[in-house]
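Here's the structure we're looking at; comments come further down.
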C-alpha cells in the first residue's frame with residue numbers, strides 16, 4: 003500500500019502523477035493540497051491569506067470562516083474534482099473525500115495559537131487544529147469495492163465543524179490507520195535541499211533517526227514538514243520519499259529512489 | 003425512501019432543511035444545486051455566466067472549461083461541503099459526491115446546442131450534456147453502512163470528462179435507479195405558481211397526467227423543470243412535492259402537503 | 144471546395160460562413176456543420192434540450 | 144475587577160488590554176486569557192504547533 007501526497011503547488015505535474023499511478027499494480031491512496039489555487043482564489047476574491055507565526059516559530063494560515071469557504075472551493079472543489087476527473091480518465095475509479103465526508107478525518111480544534119501582536123502575547127482562535135484519527139472503515143469499504151480515496155482538507159473537529167489543518171498531518175494519521183509501507187510526498191523541489199535556494203543541493207538520503215536534527219535547524223513551514231515526517235516513522239512507515247512533483251514521471255522516479263529517501 | 007432536491011438559491015434555508023431531515027425516520031438522499039453561489043463567484047472572478055437559448059427555447063448555461071472550474075468550486079466545493087458539515091452537526095453521516103466520484107452519475111456529452119447567432123443557426127459545443135445512469139451499487143454500499151449521499155454536479159460523460167447538467171435531470175436518473183416513493187423539490191417559491199410574479203397564486207395540486215399541458219405553456223428554465231418532473235413519473239415516483247425551501251421547516255411542511263403536490 | 148459527406152456534392156462555402164454554423168447541402172438538403180475553411184461534417188441530430 | 148479563576152485574586156485589567164491577550168496573574172502567576180472588559184479565564188496550555 004502506498005500513500006501519495008500531491009503538493010498544492012501550481013507547477014506540480016498532476017497528470018504525470020496520475021498516469022504513473024494508473025500503471026502501478028499496488029494499492030494506493032491519494033492525499034492532496036491546493037495552496038496555490040487557494041492563494042490565487044483568495045487574492046481574486048479580495049481576501050488575501052494571512053499567515054500567523056506562533057511564539058514558537060510555527061507558521062499557520064489564519065483560518066476564519068471566510069478562509070474555510072475559500073479552502074472548500076479550492077481544495078475540496080476545484081483541485082479534488084480535477085484530480086478525480088484525471089483519475090477516471092486513466093482507469094482509476096477515484097472517490098474524492100474531505101475529512102468532513104463520512105467523518106473520514108477527525109480532528110481537535112486548536113485552543114488558540116499564541117502569537118505576538120505589538121509586543122503582547124495574544125491567543126488567536128480560528129477554525130484550525132490537528133487531525134487525530136481516520137474513519138478506517140469507510141476507506142476499507144471503498145477500497146474493498148475498487149474505489150480509490152482522494153483525500154483533502156478541511157477535516158472535521160469535535161464540534162463537527164470544518165477546520166483547516168496541515169495535509170502532512172493528515173498523511174500521519176492516515177499512516178497510523180493503514181500502515182502503508184511507502185509514503186511518497188511530491189513537492190515543487192527535487193527533495194530536501196541542504197540549501198533551499200540551490201536545487202542542486204539535494205539530500206539523497208536521510209536516516210529516519212536523524213530527522214530530529216534536521217527539524218531543529220529548519221523553521222516555519224519546513225519545520226512543520228520535518229516534524230510531520232518524523233511522526234510517520236512512529237507509525238511503522240518503512241520508507242518516506244520526498245520527490246519532485248514537477249518532473250515527467252514523478253511517482254515512478256520516486257519509486258526508483260530519485261529524491262530524498264528516508265528510511 | 004425520499005429524494006430531497008435542495009435548490010441553489012441564496013434564500014434557501016439549508017439549516018432548516020437539514021434539521022427537518024435529521025428528525026425523519028425514513029431513508030433519504032440529498033441532491034443540491036448552487037446556482038446563486040456560482041453566479042456570484044463567476045461575477046467576482048470576472049467571468050459572468052453566459053446563458054444559451056436553444057432554437058427550441060431551452061435555456062442552458064454555456065459550460066466551457068472555466069465555467070466547469072467555477073462549478074466545481076461552488077457546487078462540489080463550498081455548497082456541498084457546507085451541507086455535509088451541517089448534516090454532521092445534526093447527526094447525519096453525510097458523504098458528498100459529484101457525478102465524477104466513483105462515477106456516481108454517468109452522462110452523455112451533448113452533440114452541440116443549436117442556437118441563433120446573428121440570424122444564422124450555429125452549433126455550440128461545450129462541457130454539458132444529459133445524465134443517463136447512476137452507480138447504484140456505490141449508493142447502496144454507502145447507505146447500507148449508515149452514510150447519506152449528498153450529490154451534486156458536475157457529472158461524468160462517456161469520455162470521462164466533467165460535464166454540467168441540470169440537477170433536476172440528475173434527480174430523474176436517480177429516481178430511475180432507486181425508485182423513491184417521494185421526491186421533494188425545494189425552491190425559492192411556495193411551489194408552482196399560476197402567475198410567477200404572484201406568490202399567492204400557488205397551484206396546490208397537479209395530476210401527473212396534466213404535466214404535459216403545463217410544460218407546453220412554460221418556457222426557458224421552467225419548461226425544463228416541468229419536463230424533468232414529468233419524466234420522474236415515468237420512473238414510478240408516487241409523489242413529487244414542489245415546496246418552499248425558504249420557510250422555517252421546508253421538509254416537514256412539504257411532507258404535510260404544503261406546496262404543489264403532484265401525484 | 145467543401146464536399147457534402149452525405150451525397151458527395153462539392154460546393155463553395157459562402158465567404159462569411161463561421162465555424163460551427165449549420166448549413167444545408169444544396170443538392171441533398173442534409174444538415175451540415177461547418178468545421179473549417181473548406182470542411183463540413185454531418186450536423187448531429189437535434190436533441191430535445193441540453194445541459195443546465 | 145477581574146478575578147483569577149486559579150487563586151481568586153481580584154485585580155483591575157490595565158486599560159489597553161485587548162480581548163485574547165495573555166496575561167499572568169500577579170498573585171499566583173497563572174497564565175490567563177482576557178475574554179472581556181473585566182473577565183479572564185485560564186489560558187489553554189500551549190500546544191506544540193497548530194493548523195496548516
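Chains as they are written, first to last, in the numbering used here: chain C, 3 to 265; chain E, 3 to 265; chain X, 144 to 195; chain Z, 144 to 195.
Positions of the beta carbon are idealized from the N, C-alpha and C atoms, including for glycine.
All values reported here derive from a predicted model rather than from experimental measurement.
Counted within 10 angstroms of its Cβ, other Cβ atoms place residue i as buried (16 or more) or exposed
i                      : result
residue 156 of chain C : buried
residue 261 of chain C : buried
residue 152 of chain C : buried
residue 161 of chain E : exposed
residue 75 of chain E  : buried
residue 145 of chain X : buried
residue 163 of chain E : buried
residue 146 of chain E : exposed
residue 211 of chain C : exposed
residue 52 of chain C  : exposed
residue 209 of chain C : exposed
residue 2 of chain E   : Absent from the model: residue 2 of chain E. The displayed extent of chain E is 3 to 265, so no value can be given.
residue 193 of chain Z : Residue placement at residue 193 of chain Z is poorly supported in this model, since its pLDDT is 46, which falls under 50; the coordinates still yield a value, given next. Buried, because 16 or more other Cβ atoms sit within 10 Å of the Cβ of residue 193 of chain Z.
residue 171 of chain C : buried
residue 164 of chain X : buried
residue 193 of chain E : buried
residue 120 of chain C : exposed
residue 258 of chain C : exposed
residue 142 of chain E : exposed
Cβ-based neighbour list, residue i, same chain, cut-off 8 angstroms, excluding 5 preceding and 5 following
i                      : result
residue 123 of chain E : 57, 116 and 117
residue 38 of chain E  : 10, 11 and 12
residue 255 of chain E : 245, 246, 249 and 261
Cβ-Cβ distance between residue i and residue j below 7 angstroms
i                      : j                      : result
residue 40 of chain C  : residue 73 of chain C  : yes
residue 16 of chain E  : residue 186 of chain E : no
residue 96 of chain E  : residue 89 of chain E  : yes
residue 80 of chain E  : residue 159 of chain C : no
residue 8 of chain C   : residue 30 of chain C  : no
residue 107 of chain C : residue 103 of chain E : no
residue 267 of chain E : residue 175 of chain E : Examination of residue 267 of chain E is not possible in this model, given that chain E is present from 3 through 265 alone.
residue 18 of chain E  : residue 250 of chain E : yes
residue 82 of chain C  : residue 167 of chain C : no
residue 252 of chain E : residue 188 of chain E : yes
residue 153 of chain Z : residue 177 of chain Z : no
residue 238 of chain C : residue 196 of chain C : no
residue 21 of chain C  : residue 169 of chain C : no
residue 149 of chain X : residue 182 of chain X : no
residue 219 of chain E : residue 60 of chain E  : no
residue 234 of chain C : residue 177 of chain C : yes
residue 46 of chain E  : residue 47 of chain C  : yes
6 angstroms CB neighbourhood of residue i in its chain, flanking five on each side removed
i                      : result
residue 216 of chain C : 228
residue 147 of chain X : 168
residue 263 of chain C : 207 and 243
residue 149 of chain E : 95 and 97
residue 184 of chain E : 4 and 241
residue 159 of chain Z : none
residue 156 of chain Z : 145
residue 28 of chain E  : 4
residue 36 of chain C  : 10, 76, 77 and 81
For residue i: DSSP bridge partner residues
i                      : result
residue 129 of chain C : Partner(s): none; residue 129 of chain C has no beta bridge.
residue 175 of chain Z : Z/166 and Z/185
residue 166 of chain E : E/130
residue 207 of chain C : C/263
residue 235 of chain E : Residue 235 of chain E pairs with nothing; no bridge assigned.
residue 7 of chain E   : E/33 and E/187
residue 243 of chain C : C/186 and C/263
residue 154 of chain C : C/100
residue 161 of chain Z : DSSP output for residue 161 of chain Z lists no bridge partner at all.
residue 145 of chain X : X/154
residue 195 of chain C : C/204
Own chain, CB closer than 7 angstroms to residue i, minus 5 neighbours either side, in chain order
i                      : result
residue 114 of chain E : 125, 126 and 127
residue 130 of chain C : 62, 65, 112, 165, 166 and 167
residue 179 of chain X : 162
residue 214 of chain C : 232
residue 24 of chain C  : 92, 93 and 94
Check your understanding: Which whole runs of the alpha helix (DSSP H) in the region 10-56 of chain E are 4 residues long or more, in chain order?
Key -> 16-25 and 37-46
**Study point:** Entirely enclosed alpha helix (DSSP H) segments - the region 54-140 of chain E, minimum 4 residues
**Key:** 67-73 and 82-91
Check your understanding: When Cβ atoms are compared, which residues of the region 77-92 of chain E fall closer than 8 angstroms to chain B?
Key -> Of the protein chains in this structure, namely C, E, X and Z, none is chain B.
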